[in-house]
Every structure is written in structure tokens, then in C-alpha cells.
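J.: Before I ask anything, let me first share the structure, which is written out below as C-alpha cells.
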Amino acid sequence: MTTYQAGAVGPMPKALKFAIGGIVVQALINGFAGVLFYALASDEASHGNDDGTGLIQLVALVSIAVAVLLVVCAVLTPRRYGWVRAVVITVEVVSVISSAVALFSGAVAAVGGIAIALAIIKAYASGESGAWFTR
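Once you know that position 91 of the sequence shown is 103 in this note's numbering, the rest is easy, because the numbers rise by one and skip nothing.
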């Protein structure tokens, strides 16, 4: 039986290394935003303003869950689990769609989210990355 070594077959493609950095940035932003929105919604609810706070808390919890999922994917990418690649691409496609909706709603800052997500998709969907994950 052989033991696993992360760099035994070949080095990780440089694009994936940068993509992991982008994933960490996204996870930090999602986690911070989720905690902030949850705290604000809880504060509103504690002051008697319950209108819509449940939905905001749900969105905040989803944001925190996505942040945790992104961190797990960033940590497990060097181990070459094939499902990580599929999960990252799926999360980033959803991110592009939600950022596009935000952009059309007038949030110009969503362009940055779209750019980061597209760069991560490009890195994970490239042939070089696909070959690296299947070695």
C-alpha cells in the first residue's frame, strides 16, 4: 500500500494556487457578511422589528455555510479530491449569477465578485487543472 504525498505526481498548477487565494478571500468576505447580517437582523428582532428579519437571518446563515464550504474546498484542493473541483465550479457559477443580479440591481461593486469568480472558474475548469486532479 502506498502513502499519499501531495506533490508526488506533479506540482499544483500555478493558476490553482492563485485560485485558492481567491477562494480564501471569498470565504472571508462571505463569512464576515454573514455574521454581520445575522447580528443586524438579530438586533432588529430584539428591538421588536420582526419584519423580514427571518429571511435576512436565513440568507446570513447560507452565506456562513458557503464560507465554510469554500474553506473546506480550499484546504482539500491540494489533496486532489475530484468532488472539490465540481463543488468549487458550482459555487462560483452561483456566485456569478448572484453577482450579475446584484449588478443589474445597481451594485457596481458586484463587478469585482464576478471577476474573482470567473478567474476561479477558469483556473478550476482548465485542462491542466483537470489533468492534475485526475492523476
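All residues carry an ideal CB built from backbone N, CA and C; glycine is no exception.
All values reported here derive from a predicted model rather than from experimental measurement.
1. Determine whether the beta carbon atoms of F30 and R97 lie at a separation below 9 Å.
2. Would you mind giving the Cβ-Cβ distance between V47 and I76, rounded to the nearest angstrom? I have them listed as a contact below 8 Å.
3. By alpha-carbon positions, which one of A39, G142, I41 and K26 ends up nearest to R92?
4. Give the single residue among L73, V108 and D62 whose Cα lies nearest to the Cα of F44.
5. How would you label P23, buried or exposed, when you count the other beta carbons within 10 angstroms and need 16 or more for buried?
6. What's the C-alpha gap between A119 and S110?
7. Is it buried or exposed for E140, if we count other Cβ within 10 angstroms and need 16 for buried?
8. What does a CB cutoff of less than 6 Å around Q69 pick up in its chain, not counting 5 residues either side in sequence?
9. Reducing DSSP to helix, strand and coil, say where N61 ends up.
10. Could you check the C-alpha separation between P90 and K134 for me, to the nearest Å?
11. Work out the CA separation of I32 and L115 for me, nearest whole Å.
T.: The short version:
1. no
2. The Cβ separation is near 7 Å, so the contact holds.
3. The shortest Cα separation from R92 among A39, G142, I41 and K26 belongs to G142.
4. Out of L73, V108 and D62, L73 has the C-alpha closest to the C-alpha of F44.
5. exposed
6. Distance from the CA atom of A119 to the CA atom of S110, rounded to whole angstroms, is 11 Å.
7. exposed
8. Y50 and A53
9. coil
10. 17 Å
11. 25 Å
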